[in-house]
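Under the numbering used here, think of the first position of the sequence shown as 107, with each following residue one higher. In this text, a Cβ means the ideal position worked out from N, Cα and C, and glycines have one as well.
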Amino acid sequence: SAEEGGKIHIALLRGQEEIIKEFDSARQVTGIKLGWVDGARIEQKRLPIWKAAYLGGWYITHMPELIVASIPLIKEDPGKALVGPIGAGQLTVEAVRAFGFSNMLFMAGIISLGIALFNFFPIPPLDGGGMLVALIEGVRRGKRLSPRAMHLAYTIGTTFLITLMVLITFYDVLRLIKGGSFGL
């Protein structure tokens, strides 16, 4: 395990050659599955409350940066990178099995943050859509959008969101049927 700002050393075996890679723990996107290694273990360490609060704040403030860094993964294979409620539940179960019950609160926080960020997308039924409408009306010097335009925008946005949720749920169920992992 690495302290804040420390280095993580990963040993890779390629044929008979051992390659050691060094990563800066504070600047890497976490959660990438490198493969299965027998005997690997994750250390849990008790921290003083002030340090735990600091690191918790660090994760919260850097999570949007990590999410932005993961966008190429979403573009590459959205079926694997995005999860809906079924996938989030299964991912939580996998996290508890892999890392223990104590990390469930951390996982719940990440899921909540993901939902909060999703809510800011500029799609009319979401809060971000309401902000977009307010911005458009502000640019138009307070002139409100017509009820017909609002209805059309909300209908298109709602249709898009329902389609997105159906697709994500389909991929979640498909992954469960195939017995695939949700990332851990």
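query                                                                                     : result
Alpha carbon of Glu128 to alpha carbon of Arg250, nearest angstrom                        : 56 angstroms
Best match in Glu124, Pro178, Val189, Leu119 for proximity to Leu280 [C-alpha to C-alpha] : Val189
Inter-residue Cα distance where the pair is Ile166 and Ser176                             : 16 angstroms
Rounded straight-line distance, which links the Cα of Met213 to that of Lys139            : With a pLDDT of 39 at Lys139, under the threshold of 50, the predicted position of this residue should be treated as unreliable, and no value is reported.
Residue range of the unbroken alpha helix (DSSP H) whose run includes Ile229              : No alpha helix (DSSP H) holds Ile229; DSSP gives it neither H nor E.
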